[in-house]
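Residue numbering for the sequence shown follows my numbering, starting at 7 and increasing by one per position.
The beta-carbon is built from N, C-alpha and C at its ideal position, and this holds for glycine as well.
Taking it in order: structure first as C-alpha cells, then the write-up.
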Amino acid sequence: MENKTVAVVGLGYIGLPTAAVLASHGFQVIGVDTNPDVVAAVNAGQVPFVEPDLDVAVAGAVSRSWLSAQAEMPRADIFVVAVPTPFRAGRQPDLSFVEAAARAIAPVLTGAELVILESTSPPGTTQRLARAIGDLRQDLEMALDDEHGPSAVHFAHCPERVLPGRIMTEMIENDRIVGGLSAASTQMASAMYRTFCKGEVLTTTAETAETAKLVENAYRDVNIALANEISNVADVLDIDVWEVIELANRHPRVNILRPGPGVGGHCIAVDPWFLISAAPDETPLMRQARNTNDAKPTQVVANIEAAVRESGALSVTLLGLSYKADIDDLRESPSVQIARDVALAFPDVQVNVVEPHISLLPTGLDQLENVRLAGWTAAGAEQGVLAVLVDHSVFKGLIREEMGAAEVVDVCGLWSRPAVVAPLVLDVI
C-alpha cells in the first residue's frame, strides 16, 4: 500500500481523523470538503472542532505535506467516503450526501480504484453507491461481485467504530469490520486498514458490515432507553435512581447504563431508524427505545418547569449543551432542545447556558433574548434553578451545597458521588 494516494471525502468528525491517521501511516492524503472554511483550516494545520490529539496529528501531517485539503475531487488510488447520512422527514434515510459523493468521484476514475464507504448507512448503500457510479461511468467495469476483470473499480464498506473524545486512540486500537462487494474488494480494503489498525480487521460482506454497525448503535440505544425508563420509575417512586442502578449493577450479570437527558449525536439518535426502516414489522423493541429516548427531553423540561414554579426562580442555569461529555458536538443534542423549550416556556426567566466547549450559541438559541452563553467568573446560579444536563469533566469538582441554587435538577448524576472543589460562578461571554 506504499505511495498510494487516498482521497478522504468529507472532513468532519470522522473524515478528518481518518485523513490524519492515514497520512501518518504512509499515504498521501487529499481531504475533500465542500465547506471552504474547513478546507482553509485544514490547509493551515488547524482543526475546526474539538477532538483530543487531532490538532497535533493534523498539524504534523500538513507540515510534512502528507495531508492537504481542497474542494475539487482529485484522482486517487483509494477514495474514503465519510459524509453525513441523516434522515429526512418521516425518519427515512437521506442518502443525498452519498449520492453527491458518487457524482463527484465518477468523473475522475480511470479503473482499478478502491472506493470505501465509511458513512453509517442502511443495508445496501454500498451496492447503491457502486451502481450510481457505474451508471455514470459505463465505460468502466464495477466489481459488483467476484466476476470482474483486473481493471474493475472496487467497493467496500468499513463503518467507523469510535467514541468522540477518544477517536484518535480508538481508530487505531479498535477492531474494524470490512465488507466488500467482491472478495478482491474486501482484500484491498482490509490491506489499507491493516496499515494502521492494531485491532483485528474482521472481513465479511458489505451488507453484513452495514447491518453490524446499525446493530451496535441499536444495542446502545435500547440499553440507554432501559436506563431512562428506570429513571422515570424512580421519579414516580421518589427514590434515588443512581443508588438503584449502582445496587442493581452489583449483580454479576447486570450492567445498566446511566440515564440522561435523552440521546444525541449523529449515530445512536439516528442509526436505529435505518434498521427500523429496513424491517419495520420486525423491530418494535428498537422503535420503542427510540420513542423512549426521544421523549426524555420533554420530561426533563417538565421537571425544570416544575422547579421554576415551585421556587419562583428568575433564572435557570443549564450545565452542558453538547450531546455527550467533553466534546463540542451539538448534533441532535437533547440539551439544545431542553434549553430552547425552557426559554420559550419562561420568557421572563433568564436562561444561562454553561458550555465550555463552544464560543457561540447555536442557531435557534441565539435568537432568544432570555438565553445567554455564560462562563465562570460572575454570579448566575445563585437562588435560581440549576439543571445538570451534561457531566463534562470540568463540572465534576463542583460542590452542590455551595452552588446556592434554589432547586437542582441533576439529570446525569453529577452529584451521585461527593464532589471536592470550588463552586460554579458565571459570567456572560
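With distances taken from CA atoms, which of the options is nearest residue i?
{"i": "Glu-179", "options": "Met-194, Val-207, Ala-190, Val-159", "result": "Val-207"}
{"i": "Asn-49", "options": "Gly-37, Val-121, Asp-59, Val-56", "result": "Gly-37"}
{"i": "Glu-408", "options": "Val-396, Ser-399, Leu-392, Asp-397", "result": "Leu-392"}
{"i": "Glu-74", "options": "Val-53, Asp-145, Ala-308", "result": "Reading the sequence as shown, one finds Ser at residue 74 and not Glu. Checked all of Val-53, Asp-145, Ala-308; the closest Cα to Ser-74 is Val-53."}
{"i": "Cys-418", "options": "Ala-349, Ala-158, Thr-116, Val-269", "result": "Val-269"}
{"i": "Ala-158", "options": "Leu-169, Asp-145, Pro-170", "result": "Asp-145"}
{"i": "Asp-43", "options": "Thr-24, Val-400, Gln-76", "result": "Gln-76"}
{"i": "Leu-350", "options": "Gly-370, Gly-51, Asp-332", "result": "Gly-370"}
{"i": "Gly-205", "options": "Asp-181, Asn-223, Ser-196, Leu-220", "result": "Asp-181"}
{"i": "Glu-235", "options": "Pro-303, Glu-216, Val-62, Ser-196", "result": "Pro-303"}
{"i": "Ile-282", "options": "Thr-116, Pro-129, Val-307, Asn-9", "result": "Pro-129"}
{"i": "Glu-375", "options": "Leu-366, Asp-354, Gly-381", "result": "Asp-354"}
{"i": "Ala-231", "options": "Val-12, Val-396, Ala-301", "result": "Ala-301"}
{"i": "Ser-365", "options": "Arg-259, Glu-288, Ser-328, Met-177", "result": "Ser-328"}
{"i": "Phe-202", "options": "Ala-46, His-31, Leu-420", "result": "His-31"}
{"i": "Ile-84", "options": "Val-62, Ala-195, Gly-66", "result": "Ala-195"}
{"i": "Arg-337", "options": "Val-348, Pro-368, Asp-347", "result": "Pro-368"}
{"i": "Val-260", "options": "Ala-233, Ala-295, Arg-296, Leu-420", "result": "Ala-233"}
{"i": "Ala-197", "options": "Arg-137, Phe-401, Lys-10, Ser-422", "result": "Lys-10"}
Should residue i and residue j be called a contact, given that it needs their Cβ atoms to be closer than 8 Å?
{"i": "Val-357", "j": "Val-342", "result": "no"}
{"i": "Glu-57", "j": "Ile-173", "result": "yes"}
{"i": "Ala-107", "j": "Leu-142", "result": "no"}
{"i": "Ile-132", "j": "Ala-218", "result": "As written in the sequence, residue 132 is Thr, which differs from the Ile given in the question. Their beta carbons are not under 8 Å apart, which means Thr-132 does not touch Ala-218 by this criterion."}
{"i": "Thr-24", "j": "Ala-82", "result": "no"}
{"i": "Asp-334", "j": "Phe-33", "result": "no"}
{"i": "Pro-99", "j": "Phe-280", "result": "yes"}
{"i": "Gly-185", "j": "Ala-162", "result": "yes"}
{"i": "Asn-299", "j": "Val-415", "result": "no"}
{"i": "Ala-224", "j": "Pro-170", "result": "no"}
{"i": "Val-14", "j": "Val-64", "result": "no"}
{"i": "Pro-265", "j": "Pro-340", "result": "no"}
{"i": "Thr-175", "j": "Thr-126", "result": "no"}
{"i": "Ala-254", "j": "Ile-262", "result": "yes"}
{"i": "Val-228", "j": "Leu-291", "result": "yes"}
{"i": "Glu-216", "j": "Cys-164", "result": "no"}
{"i": "Glu-166", "j": "Ile-20", "result": "yes"}
{"i": "Val-104", "j": "Met-79", "result": "no"}
{"i": "Ser-317", "j": "Ala-380", "result": "no"}
{"i": "Gly-398", "j": "Ala-345", "result": "The displayed chain sequence assigns His, not Gly, to residue 398. For His-398 and Ala-345, no; Cβs fall outside 8 Å."}
{"i": "Gly-51", "j": "Ser-69", "result": "yes"}
{"i": "Asp-39", "j": "Gly-66", "result": "no"}
{"i": "Leu-28", "j": "Leu-60", "result": "no"}
{"i": "Gly-410", "j": "Leu-320", "result": "no"}
{"i": "Ile-245", "j": "Thr-210", "result": "no"}
{"i": "Val-307", "j": "Val-348", "result": "yes"}
{"i": "Val-45", "j": "Val-12", "result": "no"}
Strictly by DSSP, which residues pair up with residue i?
{"i": "Asp-416", "result": "Val-394"}
{"i": "Arg-378", "result": "Asn-358"}
{"i": "Gly-37", "result": "Val-14, Ala-75"}
{"i": "Phe-161", "result": "Val-121"}
{"i": "Thr-323", "result": "Asn-358, Leu-392"}
{"i": "Met-148", "result": "Val-159"}
{"i": "Arg-182", "result": "Val-207"}
Can you check whether the C-beta of residue i is within less than 8 Å of a C-beta belonging to chain B?
{"i": "Val-12", "result": "Going by chain labels, chain B is absent from the structure shown, which holds only one protein chain."}
request  = Tell me, please, whether the segment 358-369 touches the segment 316-333 by the rule of three or more beta-carbon pairs shorter than 8 Å.
outcome  = yes
inquiry  = As an exercise, report each continuous alpha helix (DSSP H) stretch of at least 4 residues that is fully enclosed by the segment 185-253, in chain order.
reply    = 189-200, 212-243
task = Would you check if the segment 84-95 and the segment 243-260 touch, i.e. whether three or more CB-CB distances between them fall below 8 Å?
result = No, because fewer than three Cβ pairs between the segment 243-260 and the segment 84-95 fall closer than 8 Å, the two stretches do not touch.
request  = Report yes or no: do three or more beta-carbon pairs, one from the segment 233-241 and one from the segment 183-191, lie closer than 8 Å?
outcome  = no
request  = Kindly provide the ranges of any beta strand (DSSP E) runs that are 3 or more residues long and lie completely inside the segment 85-145, ordered along the chain.
outcome  = 120-123
query = Does the segment 261-276 come within contact of the segment 117-124, defined as at least 3 CB pairs closer than 8 Å?
reply = no
task = Within the segment 276-353, note down every full alpha helix (DSSP H) run reaching 4 residues or more, in order along the chain.
result = 278-284, 290-317, 340-351
4-residue-minimum alpha helix (DSSP H) runs that sit fully inside the segment 38-68, ordered along the chain = Qualifying alpha helix (DSSP H) stretches, in chain order: 42-49.
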